[in-house]
Every structure is written in structure tokens, then in C-alpha cells.
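Beneath this line is the structure, given in C-alpha cells, with notes to follow.
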Amino acid sequence: MLTYLSEPTQAQLDAITQACVQFREFWSSFEHMPFECNFAGAKDDVRALDYLDYEGLGYPSSGLKGAALIWGNVLASNLELVWKIGPNGELFLFHDEPGNRVSIWPFARVIEAQESSRPQFGRYGWLLERAVSHLMQFGDLSDQGTTWARGVLESGHQ
Numbered sequence: 777m778l779t780y781l782s783e784p785t786q787a788q789l790d791a792i793t794q795a796c797v798q799f800r801e802f803w804s805s806f807e808h809m810p811f812e813c814n815f816a817g818a819k820d821d822v823r824a825l826d827y828l829d830y831e832g833l834g835y836p837s838s839g840l841k842g843a844a845l846i847w848g849n850v851l852a853s854n855l856e857l858v859w860k861i862g863p864n865g866e867l868f869l870f871h872d873e874p875g876n877r878v879s880i881w882p883f884a885r886v887i888e889a890q891e892s893s894r895p896q897f898g899r900y901g902w903l904l905e906r907a908v909s910h911l912m913q914f915g916d917l918s919d920q921g922t923t924w925a926r927g928v929l930e931s932g933h934q
């Protein structure tokens, strides 16, 4: 089957790690944040991105691209998605089970949400719910992935 995605190099994957480090340091540079966040692929990473937006605190130097990698890393860390490289060097998430291929371009989804009027707040959580719904419908998730995905949908993005 023809695919436009290829395996990333270690240097390309390092961009994800670097974004996590930058966001972790940025988050901890503020006093009195509402919760601790390690930006290590947990659902709290999404809450933290939404909080940064809501409070107008901005992002570290990796900017929106870094935020998209953080958001994508939550999916990759909790579901059966792997990072791939698109034809122009973009980082994609890819789920490939026989008959159940799903690809997600985190940056495109994040920029679309940021440049839309709705939802006004909680965009990263909203995106997470949409991606999880899509994966539940068209992916072939493990029992553990399905349990995590259901938890996302049942708890909402708050």
C-alpha cells in the first residue's frame, strides 16, 4: 500500500523531546500555577496548554509548533500511534492496524483550532476529544488504549 509517510530520524524525534523540555521549563517559570505539569505525555499536558491559552501566557520559543508536538505526544503516549514524517518534513501521528489506518497531523489540527472562533476556550481538550473519537471509530485500539480513550471522552477536556 502506498504511503506518503516515512520513518523519522532521531533528530526529527528529538524535536518532540525538546518541546517537552521547553514547555516544562516555561510552565515551572510561573509562580502559583494551578497544577504541576511535567509535559511527559499525560492528559494534564492538554489541560496545561489550554490554561496557557486561557490565561494568555503564551508559549516558549518552540511556539505553536511545540504546542502541537506536546498535544500529539499525549496521543502517541497513550494510544497506538507512532510518529512519522510527511513529504515536507512534517511530524505526523500514524496508527496502522490491518484495515484501520489513521493519520493525524498535529500542527494542522492545532493551527486550524487556533484560527477558528469556536471553541473559544479549551481548544486542545476539544481537539483531543475529536481525535480520540476518530480513533475509537476508525482505529483498532488495544484494551488499554480503549480504556484511556473512553476516560478522555467520559471526563471531557476539563
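Residue numbers (the working numbering): 777 to 934.
C-beta: ideal position from N, C-alpha, C; glycine also.
Between the Cα of residue i and the Cα atoms of the options, which residue gives the shortest distance?
i	options	result
G817	G862, R885, A795	A795
S838	R899, V822, I861, E801	E801
P863	L833, E873, W881	W881
L929	L917, G915, V908, F914	V908
L840	G875, S853, E888	E888
L851	K819, R877, G842	K819
S853	S931, H871, F914, E891	H871
F799	H808, A787, C813, Q786	C813
T779	V878, P810, G848, T922	V878
F914	L781, Q890, E873, G932	E873
N876	V886, G848, G927, H910	H910
S931	S893, D919, Q890, E905	E905
F897	H808, M809, Y827, R926	Y827
Using 8 Å for Cβ pairs, my map puts residue i next to residue j. What's the rounded Cβ distance?
i	j	result
I792	L825	With 8 Å as the limit, I792 and L825 do not qualify as a contact, their Cβ atoms being about 14 Å apart.
R899	D829	7 Å
F815	L833	Going by Cβ atoms, the distance from F815 to L833 rounds to 14 Å, so no, they are not a contact pair.
L789	L855	Going by Cβ atoms, the distance from L789 to L855 rounds to 17 Å, so no, they are not a contact pair.
A843	Y835	6 Å
With DSSP collapsed to three states, give me the class of residue i.
i	result
H808	coil
R877	strand
F815	coil
F897	coil
L869	strand
S892	coil
S782	strand
D790	helix
Taking the straight line between their C-alpha atoms, what separation do you get for residue i and residue j?
i	j	result
W924	L857	13 Å
A901	M912	Going by the sequence as given, residue 901 is Gly instead of Ala. Their Cα atoms are separated by approximately 16 Å.
E783	K860	5 Å
A884	G865	13 Å
F811	W803	10 Å
Q786	L867	12 Å
Q920	V886	26 Å
Does the ligand NAP have a heavy atom nearer than 7 Å to the CB of residue i?
i	result
L828	In the structure shown, the ligand NAP is absent, as is every other ligand, since no ligand is present at all.
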